[in-house]
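Okay, so here's the structure we're looking at.
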Amino acid sequence: MKTTLEKSTEAPELKPYLLPCRIDASGSAPVSSYFLEQPAQIQSRREGGETQECWEASLRGRRLLGQDLPVPEGYQGHIYTQDTVYQRGQENEETGRRWRGTGQWSSMRIWGQDHPIDLELDPMARTLRTWTRLADVLSKDPPTDWIESSSPSMKGE
Numbered sequence: 018m019k020t021t022l023e024k025s026t027e028a029p030e031l032k033p034y035l036l037p038c039r040i041d042a043s044g045s046a047p048v049s050s051y052f053l054e055q056p057a058q059i060q061s062r063r064e065g066g067e068t069q070e071c072w073e074a075s076l077r078g079r080r081l082l083g084q085d086l087p088v089p090e091g092y093q094g095h096i097y098t099q100d101t102v103y104q105r106g107q108e109n110e111e112t113g114r115r116w117r118g119t120g121q122w123s124s125m126r127i128w129g130q131d132h133p134i135d136l137e138l139d140p141m142a143r144t145l146r147t148w149t150r151l152a153d154v155l156s157k158d159p160p161t162d163w164i165e166s167s168s169p170s171m172k173g174e
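In terms of my numbering, the sequence shown has 141 at position 124, counting the first letter as 1, and numbering is strictly consecutive.
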């Protein structure tokens with residue numbers, strides 16, 4: 018099975034939302050008619066109690082407070098849609114997958130229930146920071162002095 022990834026340069030800027038619930042449905046829904054958000058100024062529970070910029074909305078009668086989490090510098094989020102592609106081969110039909118770029122994003126909104134989330138402690142925010150730091154380390158060449166000092170010695174053989 019062949020898989021292709023098509024990145025779109027004209028994909029619109031979108032903002033993904035991470036909700037504190039699971040919705041067992043697929044397909045379209047008139048979200049903009051029912052999920053109405055508005056700016057909210059919330060007092061932080063941290064020491065000093067500074068004001069945080071938040072968004073307020075409700076979902077099925079439950080109050081939600083959201084905060085924007087920017088993508089770390091040097092990164093950008095992309096949204097892909099999977100298409101199943103059927104290609105007729107000489108002997109039988111071969112199935113392939115194609116992922117098309119349908120959007121991009123530079124920040125995501127993380128929603129908490131009844132109170133604002135703490136972006137320093139939130140598991141999703143921490144995972145994003147940890148993953149990007151790990152990706153940075155893995156994509157760089159190690160320092161040459163580190164390679165020389167960690168190589169097994171061949172002396173005495």
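Just so it is clear, CB atoms sit at the ideal spot from N, CA and C, and this is done for glycine as well.
What you are looking at is a predicted structure, and each value in this text was computed from that prediction instead of being measured.
Check, Outcome
"Reduced DSSP secondary structure (H/G/I, E/B, other) of T26", "coil"
"Where M125 sits in the DSSP three-state scheme", "strand"
"Exposed unless 16 or more other CB atoms sit within 10 angstroms - verdict on G83", "buried"
"Assigned exposure category for C71 - 16 Cβ within 10 Å defines buried", "buried"
"First and last residue of the uninterrupted alpha helix (DSSP H) at R146", "140–156"
"Proximity of T98 and R117 at Cβ, strictly below 8 Å", "yes"
"Straight-line gap, T178 to E73 (C-alpha atoms, nearest Å)", "Outside the shown range of the chain, which is 18 to 174, sits residue 178, and nothing can be said about it."
"Of the listed residues G120, V88, I40, nearest to L136 (C-alpha basis)", "V88"
"Beta carbon of G78 nearer than 8 Å to that of K19", "no"
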